[in-house]
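Asks: In the order they appear, the protein sequences are chains S and B.
The numbering of the first sequence is full-length UniProt numbering, which starts it at 1 and goes up by one.
The numbering of the second sequence is full-length UniProt numbering, which starts it at 1 and goes up by one.
Every residue, glycine too, gets a C-beta built ideally from N, C-alpha and C.
Protein chains: 2
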Amino acid sequence: MPDYIEFFIELLGPEHCFNDEQSLEYYSHDHTENLRFKPSLVVKPKNAEEISQIVKFCNEKNIPITTRSGGTGLMGGALPINGGIVLSVERLNKIIDIDTQNFQATVEAGVINFQLQQALEPYGLFYGPDPSSWGSSYIGGNIATNAGGLRAVKYGVTAAAVLNLEVVLPNGEIIWTGANTLKNSTGYNLTQLFVGSEGTLGIITKAVLKILTKPKTDITLLIPFHHLEDSAKAVTEVFKSGLIPCSLELMERNALEQTLLHLEENSISLQKNVQAHLLINFDGNSHEELLPLMEKTIDVIKHYPTEEIYFADNEIDKNRLWELRRKVSEIVKLNGYTIEEDTVVPRAKLPDLIKFAHQLAEKNNMKVVCYGHAGDGNLHMRFNHPEYKNSYQNPNINAMLKELFEYIHMLGGTISGEHGIGLLQKPFLPIVFSKANLLIQKNIKKAIDPKNIMNPGKLIPD
Amino acid sequence: MPDYIEFFIELLGPEHCFNDEQSLEYYSHDHTENLRFKPSLVVKPKNAEEISQIVKFCNEKNIPITTRSGGTGLMGGALPINGGIVLSVERLNKIIDIDTQNFQATVEAGVINFQLQQALEPYGLFYGPDPSSWGSSYIGGNIATNAGGLRAVKYGVTAAAVLNLEVVLPNGEIIWTGANTLKNSTGYNLTQLFVGSEGTLGIITKAVLKILTKPKTDITLLIPFHHLEDSAKAVTEVFKSGLIPCSLELMERNALEQTLLHLEENSISLQKNVQAHLLINFDGNSHEELLPLMEKTIDVIKHYPTEEIYFADNEIDKNRLWELRRKVSEIVKLNGYTIEEDTVVPRAKLPDLIKFAHQLAEKNNMKVVCYGHAGDGNLHMRFNHPEYKNSYQNPNINAMLKELFEYIHMLGGTISGEHGIGLLQKPFLPIVFSKANLLIQKNIKKAIDPKNIMNPGKLIPD
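(1) Report the three-state DSSP secondary structure of B:Gly284 (helix, strand or coil).
(2) Please determine, among S:Ala161, S:Asp283, S:Met381, S:Glu362, the residue with the shortest C-alpha to C-alpha distance to S:Thr217.
(3) Using a Cβ-Cβ cut-off of less than 7 Å, list which residues of the stretch 392-411 of chain S approach chain B; keep chain order.
(4) Could you please tell me which residues of the stretch 169-185 of chain S, in chain order, have their CB closer than 8 Å to any CB of chain B?
(5) Kindly give me the distance between the Cβ atoms of S:Asn102 and B:Arg347, rounded to whole angstroms, as I take these residues to be in contact under 8 Å.
(6) Along the chain, where does the alpha helix (DSSP H) containing S:Val55 start, and where does it finish?
(7) Can you check the stretch 7-35 of chain S for any alpha helix (DSSP H) of at least 4 residues that lies completely inside it and give the ranges in chain order?
(8) In terms of residues, what are the limits of the alpha helix (DSSP H) holding B:Gly372?
(9) So, does the CB of B:Leu209 fall closer than 8 Å to a CB anywhere in chain S?
(10) Between S:Thr236, S:Arg36, S:Lys61, S:Glu10, which has its C-alpha nearest S:Lys44's C-alpha?
(11) Mind listing which residues of the stretch 189-207 of chain S have their C-beta closer than 7 Å to chain B's C-betas, in chain order?
(12) Does the Cβ of S:Gln271 have 16 or more other Cβ atoms within 10 Å, making it buried, or fewer, making it exposed?
(13) Let me check one thing: in DSSP terms, what residues is B:Thr414 bridge-paired to?
(14) Measuring alpha carbon to alpha carbon, tell me which of B:Ser28, B:Glu308, B:Leu222 ends up nearest B:Asn319.
(15) In whole angstroms, give me the CA-to-CA distance for S:Asp449 and S:Ile54.
(16) Would you report the Cα separation of B:Leu321 and B:Thr213, rounded to the nearest angstrom?
(17) Identify every run of the beta strand (DSSP E) within the stretch 121-161 of chain S, keeping only runs that are complete inside it and at least 3 residues long; order them along the chain.
(18) Whether or not the stretch 425-440 of chain B and the stretch 384-402 of chain B are in contact is what I'm after, with contact meaning three or more pairs of Cβ atoms, one per stretch, closer than 8 Å; do they touch?
(19) Are the stretch 87-94 of chain B and the stretch 224-234 of chain B touching, with three or more C-beta to C-beta distances below 8 Å?
(20) Starting from S:Pro129, find everything on chain B with Cβ-Cβ shorter than 8 Å and list it in chain order.
(21) Quick one: residues in its chain with C-beta nearer than 8 Å to the C-beta of S:Ala234, no 5 flanking neighbours on either side, listed in chain order?
(22) Taking the C-alpha atoms as reference points, what is the distance between B:Asn452 and S:Asn142?
(23) Starting from B:Glu249, trace the beta strand (DSSP E) in both directions and tell me its first and last residue.
(24) Assign B:Ile316 to buried or exposed, taking buried as 16 or more other Cβ atoms, counted over all protein chains shown, within 10 Å of its Cβ.
(25) Determine the closest residue to residue 479 of chain B out of B:Gly124, B:Gly70, B:Ile219, B:Val432, with distance taken between C-alpha atoms.
(26) Between S:Ile444, S:Asp462, S:Asn335, which lies nearest to S:Leu201 when the distance is taken from Cα to Cα?
(27) Give the interface partners of S:Phe103 over in chain B, defined as CB-CB distance under 7 Å, in chain order.
(28) Confirm, please, whether the CB-CB distance from B:Ile63 to B:Ile85 is below 8 Å.
(29) Can you name the residues of chain B whose CB is closer than 9 Å to the CB of S:Ile448?
(30) Enumerate in chain order the residues of its own chain whose CB-to-CB distance from residue 464 of chain S is below 8 Å, with the five nearest sequence positions on each side excluded.
(31) Given a limit of 7 Å on CB to CB distance, which residues of the stretch 341-361 of chain B reach chain S?
(32) Once the 5 residues before and after B:Val26 are set aside, which same chain residues still bring their CB inside 7 Å of it?
(33) Going by the DSSP bridge assignment, what does B:Trp176 pair with across the sheet?
(34) Considering only the alpha carbon of each residue, which of S:Leu74, S:Glu173, S:Val344 lies closest to S:Asn59?
(35) Hey, is B:Ser133's beta-carbon within less than 8 Å of any beta-carbon in chain S?
(36) Can you list, in chain order, the residues of its chain with a C-beta nearer than 7 Å to that of S:Asp30? Leave out the 5 residues immediately preceding and following it.
This is the structure:
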């Protein structure tokens, strides 16, 4: 039991401070590989004012603070690797305002993404970012990692939806970063500096988000390609034709196969000669609007050998397909593919990337499965090795990843499209950033958090 | 003649260094009110390597560097208020690559916005941001101010189009800020930190920009409202109906009247009972696609008293209308309205803002004319006073602006939507940012430019 526990109990009440074994174990891990790091204490404040008090105290006593949102992170951003306190924002769970005149929602950091979507539904509105984890990930964590999602192709990643943030700084001051406006050229863009900063610069407590009118209808196409490389090439062709899908996902055979085996019911029969699927969604305000988009898609695809295209236009079929896609990562992990990468390249480089990933895995006696947001050039890869369950501090795996990331950098890509850097990708930043660039990042961290109390050991290489 | 001129002549050649009176006079002003500040020397390097040498020298000798792009700024960002050198990027004028597979363009900082648009045209592509100044403003300056434009409603401001930047840092190091990808959660978002930093953190030399498929057709509606307030209210109604215009501009009567008088030919007859116009553009791939959008717009507007709506669907008529809109600022300035503000509020607050601006002007014995990007809540206001031509260091005008900005802040808005802070808006930042916020901005500046050689005296309050 840390000697500073009395302070937190007095501030928050004993019912919001936890140092029992079960709690420490629960907050020692998230969705990152099989890693565990126990904190000394878990605290659950209810608002920015309490967080400000906590931060001031920790700043004075040099206690590391690891902020935790929904705990769905994959890169170790929320793991308390240096002990100290885990600060969970789960009690900051209020949707403060839905402004249907200005198309803005103000929410606390602990609101679950899907809860916000549901709250907007009755107004005919929606919030763009929809990470696969939307059923449990929090808006605060989405912002801290600049989470993407399935419809980022059309509606952008989290960065595009964040207008203004309330943040508790490492000195305990509470600030708003910007203004509640669609445009803003007023000072340095602190809002976007905090987006994706993974709890290393401060604690996000509230956000003003841009919301949108929800299109009245949508349609989903599942296209089974005979050749994996063709599916990746077709992605570029879709955009060159002028189509703007709402989502454009790629799942290679192995991803779909594993996922189908775990689902109780499904309507997909996987043909033997199919190597990959594209899952495409178009949204719009009428069936008449969507019809020509479907026709155009078919026109683009017809040059490639495929099985019959499956169309889903009713809610049950569509939900089944998208739930399937959302579950891939989780199920593939259960099957032993514990190491997930979040590669991103210029879209037309996808065929090269997929080819390289398979060659690399084979060379390293591993299996790999690729899936993800092909429309954004953002491909997830999960690796499976008979002996290794983690990449963390594994020199063999890390040597392989280094080779992968060097290739990606050569393609104009980078090492994370939407998951962040956290603990696991930190050693690889020098592959994609020059020394001079990293020095700027370090100096920014030092300028804002000089005592390095905010999520120490994450994002910035040592 | 400064004593360090020999260094620059040796580095760049005498044909790229200027200290004659005419050059110093030319580079002493841009489009900011009637302000003039002469530099000691004007230099025109040709690439990042030369700029790196210049910056290293200036860093050592403590020589202020004011970077200049197209010289169309309105807030004094490019004025060399502390002397030193003006570094013009006009020779960095190459479009390096148009990547039609990945929808990216790589350009040097001195490329004129409209030249890029023209270069993309043959490929059926376009670059979203289209500030009114696009005929002469440079991409580098657009990025440094996070410029907006007429189609920002649909396609976003400059920030949304910038994927990666080459920057010369204050220590002379050349870095790339990010990656050439649509998504990126890799480290702090240095790219967006440099967007809108107005030359205070480094010199942008190259940019990788997101480009888009150009819609095949578009249509413009000019709607003459009897009441100014109705026009502002209708803006909100358009978005609530689910419509997504490409542009949605407001011009109050006075703005249009003054502009029409200066144009040689026009097809608009301004009816006596009209107080404001909305100018709306929809783009799409077919006339059939646009027709229902027009009908819906008419349906939304019909609740308000208007004169007959004017439709422009041929190139000549459309260009005439949009050229008219683009010329408003320039012509209104010629007519003595020298003080331009760049207010931005949550969209539905526009009626309140317009009303307040007129009351405030009247109270201060001034005239005001409002126009701008109503679809984004971004309203330009030009003020005219019989005695004062500048707001700079004018206590009476600044007292009025303070009142305006305090009101805007109260509405959830801020003091610049797309022009930046530069010299003129700097004193007003404490209205919209707390002390703790401004301290973070100052510390970031200090962390990146510790000797304060990059555009000193701009953006950050003293």
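Replies: The relevant details are as follows:
(1) If DSSP states are grouped into helix, strand and coil, B:Gly284 belongs with the strands.
(2) When each option's Cα is compared against that of S:Thr217, the closest is S:Asp283.
(3) Nothing from the stretch 392-411 of chain S brings a Cβ to less than 7 Å from some Cβ of chain B.
(4) Under the 8 Å Cβ criterion, the stretch 169-185 of chain S contributes Leu169, Asn171, Glu173, Ile174, Ile175, Trp176, Thr177, Gly178, Ala179, Asn180, Thr181, Leu182, Lys183, Asn184, Ser185.
(5) 5 Å
(6) Note, S:Val55: alpha helix (DSSP H), 48-61.
(7) 21-26
(8) It is not in any alpha helix (DSSP H) - B:Gly372 instead sits in the beta strand (DSSP E) that spans 367-373.
(9) At a cut-off of 8 Å between C-beta atoms, B:Leu209 does not count as an interface residue with respect to chain S.
(10) When S:Thr236, S:Arg36, S:Lys61, S:Glu10 are compared, the shortest CA-CA separation from S:Lys44 is found for S:Glu10.
(11) Asn189, Leu190, Gln192, Leu193, Val195, Gly196, Ser197
(12) exposed
(13) BP columns for B:Thr414 point to B:Val344.
(14) B:Leu222
(15) 15 Å
(16) 24 Å
(17) none
(18) yes
(19) no
(20) Going along chain B, no residue has its Cβ under 8 Å from S:Pro129, so there is no contact; the nearest lies around 11 Å.
(21) Ile223, Phe225, Leu278, Val300, Ile301, Tyr304
(22) 35 Å
(23) 247-252
(24) In this structure B:Ile316 is exposed. Its beta-carbon is surrounded by fewer than 16 other beta-carbon atoms within 10 angstroms.
(25) Nothing can be reported for residue 479 of chain B: it is not among the residues displayed for chain B, which extend from 1 to 462.
(26) S:Ile444
(27) Phe239
(28) Yes, the Cβ-Cβ distance between B:Ile85 and B:Ile63 is below 8 Å.
(29) Ile440, Asn443, Ile444, Ala447
(30) Nothing about residue 464 of chain S can be read from this structure; chain S reaches only from 1 to 462.
(31) Val344, Val345, Pro346, Arg347, Ala348
(32) Correcting the residue identity first, residue 26 of chain B is Tyr in this sequence and not Val. Cβ neighbours of B:Tyr26 beyond the five flanking positions: none.
(33) B:Glu166
(34) S:Glu173
(35) no
(36) Cβ neighbours of S:Asp30 beyond the five flanking positions: Gly71, Thr72, Gly73, Ala78, Leu79.
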